[in-house]
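**Q**
Numbering (my numbering), first residue to last: -12 to 224.
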């Protein structure tokens, strides 16, 4: 029972940190969108023919760009914070799957899922930079071929990530079947599985991100409710 409560506690903390990571990431993205018009002024200043453009207008563009730099810096800091929180939440989820696997082998599928997700991330981190670093080396495929290979590897990474997420969602569904564990884990698992599929459907893949956020909130609330029941010793028929 200690492994069960410890695993659920880490699921709760991981979900909370993951939600914060998404919030900071979305805030950074919206801030970048707000200053994007100012970024276009830089292109005008660099690539336009100054002799045919009023220098006063260029000066105004440059001042606006300088005024946008603090917002760009804040957005960058928020993205870094979002990445740090995402790593922390992944570690907590991974540790949670370890606790749950010790409690029952049927929860081991969740750890397998997270390992697959980690492999998918490593695949992208290795494949994409390698494609650009090797474009100038002789006796290697041409740039278009390398780009196609990179796209294929990225697609494979997305596919592996989706498979890993589905396996993790199965663990959550199985967790909801335990005595005194909140039923909300089942709903969270279903939402995560659906979002993993939606990412492959054009135009509605963004809905998958919304489902992920809702699922994380459900994991947090379900874990909190479950811990209250488990620690108080209330037996739910």
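Ideal Cβ positions, reconstructed from N, Cα and C, are used throughout, including at glycine.
My output table needs one value for residue 165: the three-state DSSP class, helix, strand or coil.
**A** In this structure, residue 165 counts as coil in the three-state DSSP scheme.
**Q** Run the CB neighbour count on residue 170, radius 10 Å, all protein chains shown included, and call it buried at 16 or more, exposed below.
**A** Exposed, because fewer than 16 other Cβ atoms sit within 10 Å of the Cβ of residue 170.
**Q** Using a Cβ-Cβ cut-off of 6 Å (strictly less than) and excluding sequence neighbours within five positions of residue -10, which residues of its own chain qualify?
**A** Cβ neighbours of residue -10 beyond the five flanking positions: 86, 89, 90.
**Q** Tell me where the alpha helix (DSSP H) around residue 193 begins and ends.
**A** Here the alpha helix (DSSP H) through residue 193 covers 192 to 219.
**Q** I need the DSSP call for residue 131, collapsed to helix, strand or coil.
**A** Note: residue 131 maps to helix in three-state DSSP.
**Q** Could you name the residues of the same chain whose beta carbon sits closer than 6 Å to that of residue 199, not counting the 5 residues immediately before and after it, in chain order?
**A** For residue 199, where only same-chain residues beyond five positions count, the Cβ hits under 6 Å are 182.
**Q** I'd like to know whether the C-beta atoms of residue 173 and residue 83 end up nearer to each other than 8 Å.
**A** The answer is no: Cβ separation not under 8 Å.
**Q** Can you give me the C-alpha to C-alpha distance between residue 237 and residue 194, rounded to a whole angstrom?
**A** Any question about residue 237 goes unanswered here, given that the chain covers just -12 to 224.
**Q** Considering only C-alpha positions, which residue in the set 15, -5, 149 is nearest to residue 184?
**A** Taking only the C-alpha atoms, the option nearest residue 184 is 149.
**Q** Once the 5 residues before and after residue 3 are set aside, which same chain residues still bring their CB inside 7 Å of it?
**A** So the list reads 207, once near-sequence residues are dropped.
**Q** Quick check: the Cα distance between residue 76 and residue 192, rounded to an integer number of angstroms?
**A** C-alpha separation (whole angstroms): 23 Å.
**Q** Expressed to the nearest angstrom, what Euclidean distance is found between the alpha-carbon atoms of residue -1 and residue 138?
**A** Approximately 35 Å, taken between the alpha carbons.
**Q** Which residue's Cα is closest to the Cα of residue 98: 163, 165, 158?
**A** The shortest C-alpha separation from residue 98 is found at 158.
**Q** Do you know how far the Cα of residue 69 is from the Cα of residue 6?
**A** Each residue's alpha carbon lies about 10 Å from the other.
**Q** Which of the three DSSP states is assigned to residue 142 in this structure?
**A** Here residue 142 sits in helix by DSSP.
**Q** Give the DSSP-derived three-state secondary structure of residue 92 in the structure shown.
**A** Helix.
**Q** Report, in whole angstroms, the separation of the C-beta atoms of residue 79 and residue 1, which I expect to be a contact under 8 Å.
**A** That belief holds up - the Cβ atoms of residue 79 and residue 1 are roughly 3 Å apart, short of 8 Å.
**Q** State the DSSP-derived secondary structure class of residue 116, mapped to helix, strand or coil.
**A** Helix, per DSSP.
**Q** Which residues bound the alpha helix (DSSP H) around residue 174?
**A** Segment 171 to 185, the alpha helix (DSSP H) holding residue 174.
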